[in-house]
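Residue numbers (my numbering), protein chains in the order written: chain R, 1 to 331; chain W, 332 to 628. For every residue, glycine included, the Cβ atom is placed at its ideal position computed from N, Cα and C.
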Amino acid sequence: MKRLSVGSGLVVALLAAVVLGVRFGSVPLSTHDVISVLLGGGDATQRTIVLSIRMPRTLLGVFVGGGLALAGATFQALLRNPLAEPYILGISGGASVGAVLVIALGLAGTSSALLPLAAFCGALLAIVLVFRVATSTGRSMDVRVLLLAGVVVAAFFSACIAFILSMSRARTVQSAVLWIMGSLAGAEWRNVVVVATYTVPAAAVLMGLARPLNLMAVGEETAHYLGTDVERVKRIALGIAALITAAGVAVAGVIGFVGLVVPHAVRLVVGSDHRTLLPFSFLAGAAFLTLADVLARMALAPTEVPIGVITAFVGVPIFLVLLRRSLGTAT
Amino acid sequence: MKRRPAPRPLSSLLVALTLAGTASCSDKPQTAKPGGAEARRIEVVDADSTKVDLTVPVHRVVSLVPSATQTLDALGARSLLVGRTDFDTATWSADIPSVGGGLHPSVETIVSLHPDLVILFGGRQDPQTPTRLDELGIPHIAIRPDRIADVKRSVEILGRVTGHLERADSLVSSMDRELAAVRTEVTGLPHPRVAYVLGGQPPWVAGPGTYIDELIGIAGGINVFADLDRLYAPVSPEQLVARRPDVVLLPPGATFDRTLVPGARVETVNGDLERPGPDVAEQARGLARLIHGSEHS
Chain R
1 MKRLSVGSGL
11 VVALLAAVVL
21 GVRFGSVPLS
31 THDVISVLLG
41 GGDATQRTIV
51 LSIRMPRTLL
61 GVFVGGGLAL
71 AGATFQALLR
81 NPLAEPYILG
91 ISGGASVGAV
101 LVIALGLAGT
111 SSALLPLAAF
121 CGALLAIVLV
131 FRVATSTGRS
141 MDVRVLLLAG
151 VVVAAFFSAC
161 IAFILSMSRA
171 RTVQSAVLWI
181 MGSLAGAEWR
191 NVVVVATYTV
201 PAAAVLMGLA
211 RPLNLMAVGE
221 ETAHYLGTDV
231 ERVKRIALGI
241 AALITAAGVA
251 VAGVIGFVGL
261 VVPHAVRLVV
271 GSDHRTLLPF
281 SFLAGAAFLT
291 LADVLARMAL
301 APTEVPIGVI
311 TAFVGVPIFL
321 VLLRRSLGTA
331 T
Chain W
332 MKRRPAPRPL
342 SSLLVALTLA
352 GTASCSDKPQ
362 TAKPGGAEAR
372 RIEVVDADST
382 KVDLTVPVHR
392 VVSLVPSATQ
402 TLDALGARSL
412 LVGRTDFDTA
422 TWSADIPSVG
432 GGLHPSVETI
442 VSLHPDLVIL
452 FGGRQDPQTP
462 TRLDELGIPH
472 IAIRPDRIAD
482 VKRSVEILGR
492 VTGHLERADS
502 LVSSMDRELA
512 AVRTEVTGLP
522 HPRVAYVLGG
532 QPPWVAGPGT
542 YIDELIGIAG
552 GINVFADLDR
562 LYAPVSPEQL
572 VARRPDVVLL
582 PPGATFDRTL
592 VPGARVETVN
602 GDLERPGPDV
612 AEQARGLARL
622 IHGSEHS
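Put into structure tokens, the structure is as follows:
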């Protein structure tokens, strides 16, 4: 039972990642300190660090990482493109324009909710634009048009960002670029609740669509002949994957690599049946991003390393090993 | 953003040739423009340790460094400024044409202003502009506006090239005197623990070797991030909790999660705190008032 062992391995990895995420940070606390805080003790500083910083941050890593991997797997199936990833429809570009605009206008400091809200609105704008373009050609949604629309919209948004940044002061440019690089450091309980309320039901719906996604990954025509309501599945699944991505990018910025490579890695290990691929991608993405965040905090403490750097530095070698192994078994 | 119309290519070429001509034959002494001192050649070592031969006093200055623009003002040399950047916000310079940003400015606009000196940012962050000015024969010097010592150095250099040497000397000594006065005022007061947070997630803070760090020290505070290995760095939010600052200073518009520092005073500072200029002593005094709060009057 390869699936069972891989699945339980992923669950254990995720639990371990959560424990490490709460246990370790840039301020050295002992295991005893952390446990006593969890049991209701500890001094005020320790309580703030464990309960208001590390716990929300760890859970945010779980939901954002899992959500990005899940969205990536869905996009790869529906767009039938191995390069598809959660940001492919210009969602990250839209979110970045929203965030950069708020930073450039100097409004970011007025409320901690404003930046994520603006980023989310930008992401929604991108989604609406891309879907309108893709459905404007006829009654059915053409995924090739969708891809092209995504590329064009993304290009337009990067031009907007370049324009805003070229008009801004050095400090604005710096904070904008840092936001774009992505980080889980902004985790507050409120963000975690918002992202979880998006991600959990959305993940359930996507996993419920696993069987039609299997057929769609082969081809839309095949799926249609086998009785799938192709248009409906496509719209629901794409829309939900886009919303998960929008929620994640709004609270954590643009974290690359997780949504592209985690689904591929899982596919290399357990095959491309979406009934296992989707839940396993969620578990793997969640564990991977949470662990990457622990490294981001610890590697150069007290300084933080951008989490996208860690996801790429750790993820690329793992992925190459998996790729080599799968090619080895194929021949 | 408003930009002046660009000069026609032909006229800028002519300007370039003319300037190249004047640069090559300016070895012999020239008569200064009315009201100025006798023109002579001097050698200036600028902030990038480059030796620059200049005919001084200069008459038409384009300043790409806002702090140098302020210094020109403090030296009483406003009238020499013929070009500024978009980041010079003082009212007196509002009518002077802008050449864009301090890095990668519009070289065309600079040429159209016929400067006999361009003041650039030191540190070679924009190697393109000095190279192009060299090709065009426009003299330039680099000024570093990073720390208090840099400001004094800039005052001296700009005093020499504008012919306001005495004014520069008195400016430097009054800066020293005022800074010493601020230090004296805060002796005997407690030393609050201060964090300067630029904003962002993770929060960026000012470490040792920054102008802010210097000012905090003069104002009698302790920078809680004095152990960083970089000037500015993003730190884990829990570092702000663990280091327990008494005062958190934020530039205007910065994002900051105040729940990290429940016991601390969070103060927004004047945006000029990251821009050292000839008014360092005033800034140090303002900062001292801010970090000592009501204890210091």
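Legend entry - Identity of the residues DSSP links to T599 (chain W) by a beta bridge: For this step, residue 599 (chain W) is matched to residue 268 along the second sequence. Note: T599 (chain W) sits in a beta bridge opposite W:L581.
Legend entry - Presumed contact (8 Å Cβ cut-off) between I543 (chain W) and L604 (chain W), rounded CB distance: What you label residue 543 (chain W) is simply residue 212 of the second sequence in a count that begins at 1. What you label residue 604 (chain W) is simply residue 273 of the second sequence in a count that begins at 1. Right, the Cβ-Cβ distance comes to about 6 Å (below 8 Å), so this counts as a contact.
Inset, instruction - Would you mind sorting R325 (chain R) into buried or exposed? The rule is 16 or more other CB atoms within 10 Å of its CB. - result: Translated into the one-based positions of the first sequence, residue 325 (chain R) becomes position 325. So R325 (chain R) ends up on the exposed side.
Legend entry - CB contact flag (A296 (chain R), I318 (chain R), <8 Å): On the first sequence, position 296 is the one that residue 296 (chain R) refers to. On the first sequence, position 318 is the one that residue 318 (chain R) refers to. Not a contact, by the Cβ cut-off of 8 Å.
Inset, instruction - Kindly indicate the opening and closing residues of the alpha helix (DSSP H) around I474 (chain W). - result: Here residue 474 (chain W) corresponds to residue number 143 of the second sequence, with the count starting at 1. Counting along the chain, I474 (chain W) falls outside any alpha helix (DSSP H), though it belongs to the beta strand (DSSP E) covering H471 to I474.
Inset, instruction - Please go through the same chain and pick out, in chain order, the residues whose beta-carbon is closer than 8 Å to the beta-carbon of M332 (chain W), but skip the five residues on each side of it. - result: Stepping through the second sequence from its first residue, residue 332 (chain W) is reached at position 1. Any answer about M332 (chain W) is weak, because its pLDDT of 42 lies below 50 and its placement is not dependable; what the coordinates show is given next. Counting only Cβ-Cβ distances below 8 Å, and skipping sequence neighbours, we find D417.
Legend entry - Neighbour-count burial assignment, G519 (chain W), 16 or more Cβ in a 10 Å radius: The sequence position of residue 519 (chain W) within the second sequence is 188, counting from 1. Counting Cβ neighbours within 10 Å, G519 (chain W) comes out exposed, since fewer than 16 surround it.
Legend entry - Simplified DSSP state of E369 (chain W), which is helix, strand or coil: Counting from one through the second sequence, the residue named residue 369 (chain W) turns up at place 38. In the structure shown, E369 (chain W) sits in coil (DSSP, three-state: anything other than H, G, I, E or B).
Legend entry - Candidates R:A217, R:V151, R:R232 and R:I244, of which the one nearest N81 (chain R) by Cα: Against the first sequence, residue 81 (chain R) aligns to sequence position 81. Here the closest residue by C-alpha is R:A217.
Legend entry - In chain order, each alpha helix (DSSP H) run of at least 4 residues that lies wholly inside the region 2-34 of chain R: 2-23
Legend entry - Sufficient close CB pairs (3 or more, under 8 Å) joining the region 130-146 of chain R to the region 254-266 of chain R: no
Legend entry - Through-space distance from L213 (chain R) to A77 (chain R), alpha-carbon basis: Translated into positions along the first sequence, residue 77 (chain R) becomes position 77. Translated into positions along the first sequence, residue 213 (chain R) becomes position 213. Taking the straight line joining both Cα atoms gives about 7 Å.
Inset, instruction - Throw me the rounded Cβ distance for the G21 (chain R) and R57 (chain R) pair, which I believe falls under 8 Å. - result: Against the first sequence, residue 21 (chain R) aligns to sequence position 21. Against the first sequence, residue 57 (chain R) aligns to sequence position 57. The pair is a contact, with the Cβ atoms about 7 Å apart (cut-off 8 Å).
Legend entry - Buried/exposed call for L83 (chain R), threshold 16 Cβ in 10 Å: Residue 83 (chain R) sits at position 83 when you count from the first residue of the first sequence. Exposed is the call here.
Legend entry - Segment contact flag, the region 102-113 of chain R with the region 275-287 of chain R, C-beta cutoff 8 Å, min 3 pairs: no
Inset, instruction - Using a Cβ-Cβ cut-off of 8 Å, state whether A108 (chain R) counts as contacting chain W. - result: Stepping through the first sequence from its first residue, residue 108 (chain R) is reached at position 108. So, interface residue.
Inset, instruction - Take L124 (chain R) and list the residues in its own chain whose beta-carbon comes closer than 7 Å to its own, dropping the five residues that flank it on each side. - result: Working through the first sequence from its first residue, we reach residue 124 (chain R) at position 124. These residues qualify, in order along the chain: A246.
Legend entry - Interface flag, V375 (chain W) vs chain R, CB-CB below 8 Å: For the purposes of this step, residue 375 (chain W) is taken as the residue at position 44 of the second sequence. Judged by the 8 Å Cβ criterion, V375 (chain W) is not in contact with chain R.
Inset, instruction - Helix, strand or coil for P56 (chain R), going by three-state DSSP, please let me know. - result: Within the first sequence, the letter at position 56 stands for residue 56 (chain R). Helix, per DSSP.
Legend entry - Burial state of V52 (chain R) (16 or more Cβ within 10 Å): Taking the first residue of the first sequence as position 1, residue 52 (chain R) is located at position 52. The amino acid occupying residue 52 (chain R) in the given sequence is Ser; Val does not appear at that position. Its Cβ being crowded by 16 or more others within 10 Å, S52 (chain R) is buried.
Inset, instruction - Determine which residues of the region 532-552 of chain W have a Cβ less than 8 Å from any Cβ of chain R, and write them out in chain order. - result: Q532, P533, P534 and W535
Legend entry - Pick from W:V566, W:D465 and W:L581 that is closest to M298 (chain R), judged by C-alpha positions: Walking along the first sequence from the start, residue 298 (chain R) turns up at place 298. Nearest C-alpha to M298 (chain R): W:V566.
Legend entry - Beta bridge counterpart(s) of N554 (chain W) as assigned by DSSP: Translated into the one-based positions of the second sequence, residue 554 (chain W) becomes position 223. DSSP lists W:V525 as partners of N554 (chain W).
Inset, instruction - Would you please state the rounded distance, in angstroms, between the beta carbons of D447 (chain W) and P470 (chain W)? I believe it to be under 8 Å. - result: The residue given as residue 447 (chain W) occupies position 116 in the second sequence. The residue given as residue 470 (chain W) occupies position 139 in the second sequence. Going by Cβ atoms, the distance from D447 (chain W) to P470 (chain W) rounds to 6 Å, so yes, they are a contact pair.
Inset, instruction - Check the C-beta distance from V27 (chain R) over to Q614 (chain W) and give it rounded, since I have them as a contact under 8 Å. - result: Along the first sequence, one-based indexing puts residue 27 (chain R) at 27. Along the second sequence, one-based indexing puts residue 614 (chain W) at 283. Incorrect: roughly 32 Å between the Cβ atoms, too far for contact.
Inset, instruction - Give the interface partners of F452 (chain W) over in chain R, defined as CB-CB distance under 8 Å, in chain order. - result: On the second sequence, position 121 is the one that residue 452 (chain W) refers to. Result: empty, since nearest Cβ-Cβ is about 11 Å, beyond 8 Å.
Legend entry - Chain-ordered residues of the region 53-64 of chain R with a beta carbon less than 9 Å from chain W: I53, R54 and R57
Inset, instruction - Closer than 6 Å by C-beta to G366 (chain W): which residues in its own chain qualify, once you throw out the five before and the five after it? Chain order, please. - result: Residue 366 (chain W) sits at position 35 when you count from the first residue of the second sequence. With a pLDDT of 49 at G366 (chain W), under the threshold of 50, the modelled position of this residue cannot be trusted, and the question is left open.
Legend entry - N- and C-terminal bounds of the alpha helix (DSSP H) containing I427 (chain W): Indexing the second sequence from 1 puts residue 427 (chain W) at position 96. Careful: I427 (chain W) lies outside any alpha helix (DSSP H) and carries neither H nor E.
Legend entry - Alpha-carbon to alpha-carbon, L323 (chain R) and L268 (chain R): Position 268 of the first sequence holds residue 268 (chain R). Position 323 of the first sequence holds residue 323 (chain R). When rounded, the distance between both Cα atoms is 7 Å.
Legend entry - Inter-residue spacing [alpha-carbon to alpha-carbon] between A316 (chain R) and A292 (chain R): Taking the first sequence and counting its residues from 1, the one referred to as residue 316 (chain R) is at position 316. Taking the first sequence and counting its residues from 1, the one referred to as residue 292 (chain R) is at position 292. First, the residue type needs correcting, since residue 316 (chain R) is Val and not Ala in the sequence shown. Each residue's Cα considered, the two are about 13 Å apart.
Inset, instruction - Let me know the secondary structure DSSP gives D544 (chain W) once reduced to three states. - result: Translated into the one-based positions of the second sequence, residue 544 (chain W) becomes position 213. It is helical.
Inset, instruction - Please decide whether V34 (chain R) counts as near chain W, where near means a Cβ-Cβ distance under 8 Å. - result: Here residue 34 (chain R) refers to the residue found at position 34 when the first sequence is read from its first residue. False, the Cβ-Cβ gap to chain W never drops below 8 Å.
Inset, instruction - Give a yes or no on whether the minimum CB-CB distance between L51 (chain R) and chain W is below 8 Å. - result: As a first step, residue 51 (chain R) is located in the first sequence; it is residue number 51 there, counting from the start. Not closer than 8 Å to any Cβ of chain W, the Cβ of L51 (chain R) fails to qualify, so no.
Inset, instruction - Throw me the rounded Cβ distance for the P582 (chain W) and L529 (chain W) pair, which I believe falls under 8 Å. - result: Translated into positions along the second sequence, residue 582 (chain W) becomes position 251. Translated into positions along the second sequence, residue 529 (chain W) becomes position 198. With 8 Å as the limit, P582 (chain W) and L529 (chain W) qualify as a contact, their Cβ atoms being about 6 Å apart.
Inset, instruction - Determine the chain W residues that contact L115 (chain R) at a beta-carbon separation under 8 Å, and present them in chain order. - result: On the first sequence, residue 115 (chain R) is found 115 positions in, with the first residue counted as 1. Neighbours of L115 (chain R) on chain W, chain order: T586.
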